[in-house]
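Q: Supplied in structure tokens, the structure appears directly below.
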Amino acid sequence: MTVVQLRGVSLDYSVKEHTATSIKEYFIQVLRGRRKRKVIRALREVDLEVERAECVGIIGRNGAGKSTMLKVVSGILRPTRGTVSVDGRVAPILELGTGFDYELSGRENIELNALLLGLSRREIKALEESIIDFSGIRRSIEQPVKSYSLGMVARLGFAIATASIPSVLILDEVTAVGDAEFMLRCQRRVDELVSSGTTTLVVSHDETTIRRLCTRCVLLEGGEIRAQGKVDEVLAEYGRRTLHRIDSASGSQSHETEDSALEASSAV
Amino acid sequence: MRLHHDLVFVLVKRELKVRYRGSFLGAIWTMLQPLLMMLVLHTVFSAIFRFSIKNYPVYALTGVLFWNFFSQSITNSMNSLRGNAILLRKVAVPYAVFPFAAVVSGVVNLVLALVPLLALLIVTDHKIGPALLFLPVAIAIALLFTLGAGLALSPLAVFFTDVIEFVTVLLTLTMYLTPVFYPKDILPDHFYWIVHYNPIRSVLEVFRDPIYLSKIPPIQHLSVALLCAMASFAIGVWIYRKSERRIAFFV
């Protein structure tokens with residue numbers, strides 16, 4: 002069963018040539034007739050199908066469109082062209098403490114954060130105790146989150162995001178902040194979710210994470226899918242491309258190349 | 037829809053909790069602040085300006101309560117999307133819940149602040165009539181009016197930082213163009229019309245009449261206020277809808 006389906010998805014950011022961040026600038030530009038738009042195509046004709054319980058790794062260099070693709074899947078950005086269909090609830094694992102109110106207690110944050118992630122209040126009530134157990138911070142749960150350590154915040158966030166079984170789990174560069182024990186529990190939990198049918202999309206620059214979690218891999222470059230298939234093969238292809246680019250870059254002029262290459266690959 | 041309703045509820049709860057936690061007097065501040073403000077106005081105006089108006093404290097306090105609600109709700113909803121930027125980049129939350137929650141919190145604070153107003157009515161031996169029961173309608177009209185402005189301003193503040201500075205100044209100007217603490221008829225003729233055609237004045241009077249005059253506002257006033265509120269809400273929803281898709285790119 003296909004859970005995530007992207008068909009011919011393109012996404013254009015229209016960036017003003019001279020960005021106006023103030024109204025004054027805006028009007029000056031309008032008057033001078035300089036409101037030309039530069040279109041940056043962040044995704045280009047992306048086709049992707051992900052089956053139930055699959056775990057797909059998305060790799061590519063900075064600016065390749067990885068996070069944009071995840072945003073399209075989670076419904077934050079609507080594609081300019083193409084169709085997106087996702088069956089069920091998408092749960093992102095947020096960066097440390099996003100969506101938390103540091104003045105509120107851990108327990109109050111469970112309600113707030115889980116609602117933001119799309120759970121209903123009834124579901125939250127039912128899951129509250131298991132979230133507290135999994136996070137392992139029961140003793141501090143009534144304390145304001147501002148008194149927590151980074152690890153505790155991460156534990157609570159992860160516990161909330163994975164408490165109910167989402168149909169799609171999104172891991173975007175979730176950096177390791179917890180201690181070894183917690184990391185292990187996280188991995189187990191992700192494994193559990195996958196075996197209970199959750200589809201997972203992982204963005205990471207860490208090969209080990211990709212190899213451990215993913216069953217399939219997608220290489221993005223300049224907003225296009227350049228390769229997909231077996232994890233090893235795609236990682237190898239990515240390595241080859243990176244090497245090739247660095248070699249040809251050091252052959253020509255040095256510093257500017259990285260930036261302009263990035264620009265060229267993403268601009269239209 | 038049910039979910040959004042829950043979300044607004046929890047966001048309002050958060051706003052109130054965070055506001056009152058860690059402050060010694062807590063919610064009492066919401067009641068005390070307008071009273072102190074009224075005292076200041078009373079002192080200044082009875083000593084310096086002296087206009088003849090019966091029971092000025094009640095007149096001033098109704099104005100202050102209304103204005104606090106209006107300006108705080110506008111400011112908070114304007115900042116609501118910017119303030120949650122990191123979250124909005126990661127989770128598909130309906131943006132409108134944030135300005136909504138800001139204005140609803142404002143209403144809760146307004147209702148809390150009606151307690152000292154009631155105390156003042158009793159202390160000054162002001163007439164307390166059944167017209168007070170009309171207040172929920174008046175507050176609903178004020179809510180609709182403010183929500184419209186909040187919905188329009190929250191995305192605009194995301195696109196242009198200046199909106200925040202501009203609106204802050206505009207709010208001060210509007211306060212003087214609204215009979216918050218002075219009676220309308222002290223104005224010279226050539227200014228009268230500005231205040232008269234100010235829609236906020238109309239909404240304010242619908243709130244003030246049941247308390248200060250202890251009568252239900254006349255039907256013409258009421259329909260003008262309701263019309264202004266509906267127009268504001270419609271324009272707000274329109275601007276919000278038009279900008280909704282672009283918010284994610286700018287926030």
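In order, the protein sequence lines correspond to chains A and B.
In this note's numbering, each number is its position in the first sequence, counted from 1, plus 1.
In this note's numbering, each number is its position in the second sequence, counted from 1, plus 36.
Built from N, CA and C at the ideal position, the CB exists for glycine as well.
Note that the coordinates shown come from a computational prediction; the quantities given were computed from them, not determined experimentally.
1) What residues of chain A sit near Phe285 (chain B), judged by a beta carbon separation below 8 Å?
2) Do the CB positions of Leu97 (chain B) and Leu153 (chain B) come within less than 7 Å of each other?
3) In chain B, which residues lie less than 7 Å from Asp102 (chain A) when you measure between Cβ atoms?
4) Spatial neighbours of Leu214 (chain A) within its chain, please: C-beta separation below 6 Å, excluding the five flanking residues on both sides.
5) Give the C-beta separation of Ile110 (chain B) and Thr182 (chain B) to the nearest angstrom, bearing in mind that I take them to be a contact with Cβ-Cβ under 8 Å.
6) Using a Cβ-Cβ distance cut-off of 7 Å, determine whether Val143 (chain B) contacts chain A.
7) Against chain B, which members of the stretch 109-136 of chain A pass a CB distance test of less than 8 Å?
8) Determine the DSSP secondary structure at Pro93 (chain A), reduced to helix, strand or coil.
9) Under 7 Å Cβ to Cβ from Ala121 (chain B), same chain only, skipping five residues before and after it: list those, please.
10) From the beta carbon of Pro167 (chain A), is the nearest beta carbon of chain B less than 7 Å away?
11) In the DSSP assignment, find the alpha helix (DSSP H) that holds Cys187 (chain A) and state where it starts and stops.
12) Would you decide whether Trp103 (chain B) is buried or exposed? Buried here means 16 or more other CB atoms lie within 10 Å of its CB.
13) Using DSSP with H/G/I as helix, E/B as strand and the rest coil, what is Val10 (chain A)?
14) Is the separation between the beta-carbon of Arg45 (chain A) and that of Ser11 (chain A) shorter than 7 Å?
15) Using a Cβ-Cβ distance under 7 Å, would Leu71 (chain A) count as near chain B?
16) Looking at C-alpha atoms only, which residue of B:Leu262, B:Val194, B:Pro224 and B:Phe195 is the closest neighbour of Ala176 (chain B)?
17) With 7 Å set as the bound, which would you pick, yes or no: does the beta-carbon of Ile236 (chain B) sit closer than that to a beta-carbon of chain A?
18) Use the C-beta contact count for Asp248 (chain A): other C-beta atoms within 10 angstroms, 16 or more gives buried, fewer gives exposed.
19) Of the residues that make up the stretch 116-128 of chain B, which ones have a beta carbon closer than 9 Å to any beta carbon in chain A?
20) Is the distance from the Cβ of Gly186 (chain B) to the Cβ of Ser268 (chain B) below 7 Å?
21) How is the beta strand (DSSP E) around Ile122 (chain B) delimited, first residue to last?
22) Using a 10 Å radius around the Cβ and a threshold of 16 neighbouring Cβ atoms, would you call Arg138 (chain B) buried or exposed?
23) Taking only the alpha-carbon atoms, compute the straight-line gap between Val54 (chain B) and Lys126 (chain B) and give it to the nearest angstrom.
24) I want to verify the contact list: residues of chain B whose CB lies under 9 Å from the CB of Thr99 (chain A), in sequence order.
A: Here's the rundown:
1) Tyr14 and Leu78
2) yes
3) Arg50 and Val54
4) Cys56 and Val203
5) 7 Å
6) Chain A has no Cβ within less than 7 Å of the Cβ of Val143 (chain B).
7) Glu109, Glu112, Leu113, Leu116, Leu117, Leu118, Gly119, Ser121 and Arg122
8) strand
9) Val287
10) no
11) Ala181 to Ser196
12) buried
13) Secondary structure at Val10 (chain A): strand, using DSSP grouped into helix, strand and coil.
14) yes
15) Judged by the 7 Å Cβ criterion, Leu71 (chain A) is not in contact with chain B.
16) B:Leu262
17) no
18) exposed
19) Asn120, Ile122, Leu123, Leu124, Arg125, Lys126, Val127 and Ala128
20) no
21) For Ile122 (chain B), there is no enclosing beta strand (DSSP E); the enclosing alpha helix (DSSP H) has its first and last residue at Ala121 to Leu124.
22) Per the sequence shown, residue 138 (chain B) should be read as Ala rather than Arg. Its Cβ being crowded by 16 or more others within 10 Å, Ala138 (chain B) is buried.
23) 23 Å
24) Ile122, Leu123, Arg125, Lys126 and Val127
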